[in-house]
Amino acid sequence: MLFNPVLVRLSKISIALGVLLSSLALGLFITKSDGATTPGGAYATFSGPTGANPSWTSSVAIPGANGFPTASLATNSLTPSVPSGSSTWLSASTPFGGQFASSQGQPYFVFSPTTGQAPSTTTITFATPTPAAGWGFALGDVDAEKIQISATDVSGAAVAISGLGFQSVFNFCDIATTKPSTCSGVTAPFDTPTWDASSGWLTGGVNDSVGASGWFMPSAPIKTLTLIDTNQSGVPSAQLWISSNLRTVAGNISEPPLAVSVTTTTPATTTTTEPPTTTSTSTTTTTTEPTTTTVPMTAPAGNVPAVDVPVQITDLSGTVVDTTTTDANGNFAMTTIAPGKYLLSEELPAGYSAPTGTYPLPIDVTTGDVTGISFTNVPKPTLAFSGANVAVLGGLGMMLILLGGLVLRLQLRQRRQI
1 MLFNPVLVRL
11 SKISIALGVL
21 LSSLALGLFI
31 TKSDGATTPG
41 GAYATFSGPT
51 GANPSWTSSV
61 AIPGANGFPT
71 ASLATNSLTP
81 SVPSGSSTWL
91 SASTPFGGQF
101 ASSQGQPYFV
111 FSPTTGQAPS
121 TTTITFATPT
131 PAAGWGFALG
141 DVDAEKIQIS
151 ATDVSGAAVA
161 ISGLGFQSVF
171 NFCDIATTKP
181 STCSGVTAPF
191 DTPTWDASSG
201 WLTGGVNDSV
211 GASGWFMPSA
221 PIKTLTLIDT
231 NQSGVPSAQL
241 WISSNLRTVA
251 GNISEPPLAV
261 SVTTTTPATT
271 TTTEPPTTTS
281 TSTTTTTTEP
291 TTTTVPMTAP
301 AGNVPAVDVP
311 VQITDLSGTV
321 VDTTTTDANG
331 NFAMTTIAPG
341 KYLLSEELPA
351 GYSAPTGTYP
361 LPIDVTTGDV
371 TGISFTNVPK
381 PTLAFSGANV
391 AVLGGLGMML
401 ILLGGLVLRL
411 QLRQRRQI
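With the first letter of the sequence shown counted as 1, position 250 gets the number 250 in full-length UniProt numbering; the numbers rise by one all the way through.
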């Protein structure tokens with residue numbers, strides 16, 4: 001049977017993929033044990049919007065939260081806009097800002113009822129379902145309108161209202177710290193909307209005011225989020241912020257030092273003897289072939305840091321989410337990962353195989369950081385006599401070892417015949 005390295009390689013990939021898929025199916029992810037949700041995060045950006053009344057589109061992304069799904073937004077709101085967040089923002093003293101950081105200087109989306117002040121529909125469709133924790137959205141300036149909030153999952157089924165994760169109502173002007181300029185002159189009593197958990201309506205107090213808000217942290221994966229904005233009086237508009245917490249993935253990579261060999265070569269020599277005689281000269285020539293001696297050296301005991309090793313996180317589809325490299329101590333950390341499930345791997349240094357166990361490593365940072373990860377790379381075995389790597393040879397390794405011994409035996413026999 002001829003050795004086909006491509007088939008062997010594919011076989012190894014198939015086996016590794018099978019192990020990985022089995023791990024994913026069984027939910028074998030390394031995850032945070034206390035289930036805490038870490039405050040602090042990144043805010044969404046909104047493009048455009050582009051279009052004309054009453055049909056507009058925008059794209060949504062959270063570039064500061066690596067791995068959070070992008071989204072498309074479609075609305076029939078009249079003249080939606082994306083302000084800069086310089087005069088209207090959610091302070092860190094508000095409930096939403098306390099969870100995700102201040103939104104000062106961060107864009108948000110403004111929408112309103114549609115033509116003739118009829119109810120408008122704004123739908124956000126995520127490229128992949130959102131994580132089941134660690135992100136949220138806030139609706140601001142909900143006063144002269146009421147907004148019904150609904151969502152669907154990846155199958156198109158409705159997400160339960162409880163899965164929207166309503167947290168509380170608040171007024172973003174009701175803070176003691178520096179207030180947004182839009183709150184100038186706004187004093188107590190501060191207006192807030194009301195939430196109906198049975199219907200999913202966030203209802204304003206009818207009269208125009210400033211800062212009336214509500215916020216949500218969904219507890220179910222969401223594929224589409226829909227906001228129906230219904231006029232109650234005047235010509236109202238509402239605001240939308242979206243934000244994600246950030247997770248840290250950190251650990252260490254070490255490896256046993258590779259064994260080295262010291263090779264010495266004795267050069268060829270030629271000796272000529274010419275004993276004198278009275279009638280002729282006799283010449284004897286002796287030639288010694290060059291010899292090479294390789295002495296394997298024992299590697300030092302223990303492990304050493306794997307330095308400058310590229311490390312990456314991919315989503316479950318294989319798309320790279322974030323990359324870094326290990327430092328002088330073999331440590332690595334990625335601190336801007338969106339909540340969710342991922343795969344962690346490294347670019348293996350020359351001479352080493354993947355760590356034992358499930359690899360790439362499934363990690364789950366939906367509810368918190370994953371730190372303390374430890375990889376120990378495995379030195380690749382080598383063939384006796386030849387030094388060839390047998391890590392990818394499978395059952396053919398023994399055949400090649402025997403072949404190496406046969407070659408050496410033939411070489412020794414040839415030398416004795418010279």
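Just so it is clear, CB atoms sit at the ideal spot from N, CA and C, and this is done for glycine as well. What you are looking at is a predicted structure, and each value in this text was computed from that prediction instead of being measured.
When beta bridges are read from the DSSP output, M334 appears opposite V249.
By the neighbour-count criterion, in which a residue is buried when 16 or more other Cβ atoms sit within 10 angstroms of its Cβ, G318 is exposed. Put simply, of T203, W215 and G185 the residue whose alpha carbon is nearest the alpha carbon of P236 is T203.
Taken in chain order, the whole beta strand (DSSP E) runs of length 3 or more contained in the stretch 129-206 are 135-140, 145-152, 166-171, 194-196 and 201-203.
Along the stretch 41-108, the beta strand (DSSP E) occurs as fully enclosed runs of 3 or more residues at 41-43, 50-52, 55-61 and 71-75, listed in sequence order. When secondary structure is reduced to three states using DSSP, Q239 falls in the strand class. With distances taken between CA atoms, S58 lies nearest to V110 out of S102, V110, A118 and L343. Taken through DSSP and simplified to helix, strand or coil, Q232 comes out as coil. Secondary structure note for P310: its beta strand (DSSP E) is the uninterrupted segment P310 to T314.
Distance check between D141 and each of A238, A197, I228 and S55 places A238 closest, using alpha-carbon atoms only.
Rounded to whole angstroms, the separation of the alpha carbons of I124 and S103 is 20 Å. With the rule of 3 Cβ pairs closer than 8 Å, the stretch 211-228 counts as touching the stretch 164-171. Annotation: N207 to S233 spans about 7 Å, alpha carbon to alpha carbon. Distances from the CA of A333 to each of A158, P349 and Q312 were compared; the closest alpha carbon is that of Q312.
By DSSP's assignment, T292 forms a beta bridge with T265. In the assembly as shown, L316 is an exposed residue. Its beta-carbon has fewer than 16 other beta-carbons within 10 Å.
In this model, P362 and S353 are separated by some 18 Å (Cα to Cα). CA-CA distance, W195 to K146, rounds to 10 Å. Counted as a single uninterrupted DSSP element, the beta strand (DSSP E) harbouring I124 occupies residues S120 to F126. Cβ contact annotation for T291 (same chain, cutoff 6 Å, sequence separation greater than five): T266, in chain order. Distance between G156 and T70, taken at the CA atoms: about 18 Å. The beta-carbon distance between T130 and I222, rounded to whole angstroms, is 5 Å. This is short enough to meet the 8 Å contact definition. Straight-line spacing of the CA atoms in T226 and T192 works out to 22 Å. Distance between S219 and T230, taken at the CA atoms: about 26 Å. When the beta-carbon positions are compared, L343 and P355 stay at least 8 Å from each other.
Buried is the label assigned to S112, since at least 16 other Cβ atoms lie within 10 Å of its Cβ. DSSP lists N171 as the bridge partner or partners of A212.
Between D143 and F190, the alpha-carbon positions lie close to 11 Å from each other. Counting along the chain, the unbroken beta strand (DSSP E) around E346 starts and ends at K341 to E346. Between the stretch 54-68 and the stretch 148-163, the count of C-beta pairs closer than 8 Å stays below three; the two stretches do not touch. Taking all protein chains shown into account, P39 has fewer than 16 neighbouring C-beta atoms within 10 Å of its C-beta and is therefore exposed.
In the three-state DSSP reduction, T115 falls in the helix class (H, G or I). F100 and N303 have their alpha carbons spaced roughly 40 Å apart.
Residues S58 and S59 of the same chain have their beta carbon placed closer than 6 Å to that of S47, with the five preceding and five following residues left out of the count.
Judged by DSSP secondary structure, T356 falls outside any beta strand (DSSP E); it is assigned neither H nor E.
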